[in-house]
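Colleague: Dropping a structure here in structure tokens format, bear with me for questions.
Here it is as structure tokens:
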């Protein structure tokens, strides 16, 4: 079942990258798909991540800097990082101030690829 | 056995750096690995995602507030003399900063050794490189750090026999003993932070203490029956997928056939995602179901 597979990806991300504390997958409009959260409210972080992703894409377009890689929000106690999953979804990762950002970027690329496959493959083709 | 090898490849390399009066940075490869900055063979800083740095230790201990830190940091950054700036503002004495930096260095080395350093690379001093924010001046003798790290690794080996390692996610004990003296502040903070999700490293960041003291406290609480060590998680290998998930074959999803460059925001993509949104508790939408879109119908 694909929902479990999505959650398994989120758990694996937390195990593989030092400093990842929570994460969620949502549709590009912020609708929650699955979450591995502890403190943050999944629906709220999904909606915020969707907005951040939109702003990031828009800023990249406006400044002629090309396609968005990810949105990184750095606060005094940690990070919120948002990755686009193709055109239709997003992955938002929350980490503490010790987050291994370099490794997150490496690992999340593959996570995003697999999430994209999971999200699209599972759904029936609309007639 | 080469001297210092008991703590992994970092030990012998640190001792070599000491003998050669090395100035520069050691890049420690591992998961998560880290860096050690040396000046004339003495360690002035060490950083790893696996252990809280001096900033976390100073801020979480309440000795410096976030506002004060930010103001001191902004003022100090042109010269890089953050320790003097913190002391000059009367926030914490220079000796206090030094102690915290020393603790952070020793903790970072322990963390790198405990998580497993795979190899160490030297990078000579680069004038353009941004120096660590709180370097120890004149730095700590590398031999002393190797000895201290070895001592800590021996202590950690005893904790591992209780099942407490850096890769465990401890959880509250199912039936903790009734009678017990009141926990001290660190124990209380650790007990509050343990939730079955966090590793000792996560707990160290949450409570703002070093990985080593937190790991020791967890071991003590496990021995007293207040915590359960939890199941160890596997050491992650080089970036790859989670075990048990089939490797994705390129093109297997046929996504390129299904979605020929869809434009952002289209309703069809949302519907596809919805197929698996039924399980988590998603709040009821406001009923504005997406309308079918002829352009993108399928």
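Chains as they are written, first to last, in the working numbering: chain A, 2 to 128; chain B, 2 to 299.
Glycine residues also receive a C-beta, built at the ideal position from the N, C-alpha and C atoms.
This structure is a prediction, so every number in the text was calculated from the model and none was measured.
1. Could you check what DSSP says for residue 234 (chain B) in three-state terms: helix, strand or coil?
2. By DSSP, does residue 120 (chain B) sit in helix, in strand, or in coil?
3. According to DSSP, is residue 276 (chain B) helix, strand or coil?
4. Going by other Cβ atoms of all chains shown within 10 Å of its Cβ, with 16 needed for buried, is residue 49 (chain B) buried or exposed?
5. Using a cut-off of 8 Å between C-beta atoms, extract the partners of residue 206 (chain B) located in chain A.
6. With DSSP as the reference, label residue 37 (chain A) as helix, strand or coil.
7. If we require 4 or more residues per run, which alpha helix (DSSP H) segments fall completely within the region 72-138 of chain B?
8. Suppose you measure from the CA of residue 36 (chain A) to the CA of residue 11 (chain A); what does that come to, to the nearest Å?
9. Taking its Cβ as the centre, do 16 or more other Cβ atoms sit within 10 Å of residue 132 (chain B), making it buried, or is it exposed?
10. Less than 8 Å between CB atoms is the rule here; does residue 234 (chain B) satisfy it with respect to chain A?
11. Classify residue 169 (chain B): buried if its beta carbon has 16 or more other beta carbons within 10 angstroms, exposed otherwise.
12. What residues in the region 56-90 of chain A have a beta carbon less than 7 Å from any beta carbon of chain B?
13. Let's see if you can read the secondary structure: which residues bound the beta strand (DSSP E) around residue 22 (chain A)?
14. Just verifying my parser: in three-state terms, what is the DSSP assignment at residue 13 (chain B)?
15. Could you list the residues in the region 41-59 of chain B with a C-beta less than 7 Å from some C-beta on chain A, going in chain order?
16. Quick check on residue 52 (chain A): does DSSP put it in helix, strand or coil?
17. Using beta-carbon positions only, say whether residue 27 (chain A) and residue 47 (chain A) come within less than 8 Å of one another.
18. Can you pull out the residues from the region 180-205 of chain B whose beta carbon lies closer than 9 Å to at least one beta carbon of chain A?
19. Are residue 1 (chain B) and residue 103 (chain B) close, meaning C-beta to C-beta below 8 Å?
20. Cα separation between residue 235 (chain B) and residue 89 (chain B)?
21. Taking a cut of 9 Å between CB atoms, which residues from the region 6-34 of chain B lie near chain A?
22. Does DSSP put residue 210 (chain B) in a helix, a strand or coil?
23. So, is the C-beta of residue 42 (chain A) closer than 8 Å to a C-beta in chain B?
24. Could you say which of A:52, A:22, A:78 and A:75 lies nearest to residue 85 (chain A) if we only look at CA atoms?
25. With contact counted as at least three CB pairs below 8 Å, one residue from each stretch, are the region 106-116 of chain A and the region 8-15 of chain B in contact?
26. Once DSSP output is grouped into helix, strand and coil, what is the label at residue 203 (chain B)?
27. Note down, in chain order, each residue of its chain lying with its Cβ closer than 8 Å to the Cβ of residue 39 (chain A), except the 5 sequence neighbours on either side.
28. Who are the near neighbours of residue 229 (chain B) in its chain, counting only those whose CB is closer than 8 Å to its CB and skipping five residues on each side?
29. Where do the ends of the alpha helix (DSSP H) carrying residue 51 (chain B) lie?
30. List the residues of chain A whose Cβ lies closer than 7 Å to the Cβ of residue 67 (chain B), in chain order.
31. Put residue 15 (chain A) into one of helix, strand or coil per three-state DSSP.
32. Could you pull the DSSP bridge partners for residue 25 (chain B) from this structure?
33. Can you give me the Cβ contacts of residue 33 (chain B) inside the same chain, cut-off strictly under 7 Å, excluding the 5 residues immediately before and after it?
34. Give me the DSSP bridge partner(s) of residue 141 (chain B).
35. With residue 35 (chain B) and residue 109 (chain B) assumed to form a contact (beta carbons below 8 Å), what rounded beta-carbon distance in angstroms separates them?
Modeller: This is what the structure holds:
1. Reading the second chain from its first residue, position 233 is the one you call residue 234 (chain B). Note: residue 234 (chain B) maps to coil in three-state DSSP.
2. The residue you call residue 120 (chain B) lines up with position 119 of the second chain. Residue state, collapsed to three classes: strand.
3. Numbered from its first residue, the second chain carries residue 276 (chain B) at position 275. Because the pLDDT at residue 276 (chain B) is just 40, under 50, the model does not fix this residue reliably, and the value given afterwards should be weighed accordingly. Of the three classes helix, strand and coil, the one that applies to residue 276 (chain B) here is coil, per DSSP.
4. In the second chain, residue 49 (chain B) corresponds to position 48, counting from 1. By the 10 Å Cβ count, residue 49 (chain B) comes out buried.
5. Position 205 of the second chain, counting from 1, holds the residue named residue 206 (chain B). Under the 8 Å cutoff, chain A gives 20, 97, 98 and 99.
6. Residue mapping note: residue 37 (chain A) aligns to position 36 of the first chain, counting from 1. It is a strand residue.
7. 83-89 and 95-116
8. In the first chain, the residue the question calls residue 36 (chain A) occupies position 35. In the first chain, the residue the question calls residue 11 (chain A) occupies position 10. Looking at the two C-alpha atoms, the distance is approximately 7 Å.
9. Counting from 1 along the second chain, the entry for residue 132 (chain B) is found at position 131. That one is exposed.
10. In the second chain, residue 234 (chain B) corresponds to position 233, counting from 1. Yes, its Cβ sits closer than 8 Å to a Cβ of chain A.
11. Position 168 of the second chain, counted from the first residue, corresponds to residue 169 (chain B). Classification for residue 169 (chain B): buried.
12. 77, 88, 89 and 90
13. Position 21 of the first chain, counting from 1, holds the residue named residue 22 (chain A). Note, residue 22 (chain A): beta strand (DSSP E), 21-28.
14. Taking the first residue of the second chain as position 1, residue 13 (chain B) is located at position 12. DSSP places residue 13 (chain B) in helix when its eight states are reduced to three.
15. 50, 51, 53 and 57
16. Start at 1 with the first residue of the first chain, and residue 52 (chain A) comes out as number 51. Correct three-state label for residue 52 (chain A): helix.
17. Locating residue 27 (chain A) in the first chain gives position 26, where the first residue counts as 1. Locating residue 47 (chain A) in the first chain gives position 46, where the first residue counts as 1. Closer than 8 Å, so yes.
18. 196, 198, 199, 200, 202, 203 and 205
19. Nothing in the structure corresponds to residue 1 (chain B), since chain B is present only between 2 and 299.
20. What you label residue 235 (chain B) is simply residue 234 of the second chain in a count that begins at 1. What you label residue 89 (chain B) is simply residue 88 of the second chain in a count that begins at 1. If you take the alpha carbons of residue 235 (chain B) and residue 89 (chain B), they lie about 46 Å apart.
21. 32, 33 and 34
22. Walking along the second chain from the start, residue 210 (chain B) turns up at place 209. It is coil, neither helix nor strand.
23. As a first step, residue 42 (chain A) must be located in the first chain, where it is residue number 41. It does not; no Cβ of chain B falls within 8 Å.
24. Locating residue 85 (chain A) in the first chain gives position 84, counting from the first residue. Residue 85 (chain A) has its Cα closest to that of A:52, out of A:52, A:22, A:78 and A:75.
25. no
26. Residue numbering aside, residue 203 (chain B) sits at position 202 when the second chain is read from its first letter. Residue 203 (chain B): helix per DSSP, three-state reduction.
27. Here residue 39 (chain A) is taken as the residue at index 38 of the first chain, counted from 1. Same-chain partners within the cutoff: 22 and 23.
28. As a first step, residue 229 (chain B) must be located in the second chain, where it is residue number 228. Same-chain partners within the cutoff: 171, 172, 173, 174, 175 and 223.
29. Indexing the second chain from 1 puts residue 51 (chain B) at position 50. First-last for residue 51 (chain B): undefined, no H or E at that position.
30. Mapped onto the second chain, residue 67 (chain B) falls at position 66. In chain order: 77.
31. By one-based count along the first chain, residue 15 (chain A) stands at place 14. Note: residue 15 (chain A) maps to helix in three-state DSSP.
32. By one-based count along the second chain, residue 25 (chain B) stands at place 24. Per DSSP, B:39 and B:125.
33. Counted from its first residue, the second chain places residue 33 (chain B) at position 32. Excluding residues within five positions, the ones whose Cβ falls inside 7 Å are 49, 50, 51 and 116.
34. Counting from 1 along the second chain, the entry for residue 141 (chain B) is found at position 140. B:44, per the DSSP bridge assignment.
35. Counting from 1 along the second chain, the entry for residue 35 (chain B) is found at position 34. Counting from 1 along the second chain, the entry for residue 109 (chain B) is found at position 108. Indeed, because the Cβ distance is near 6 Å, the residues count as touching under 8 Å.
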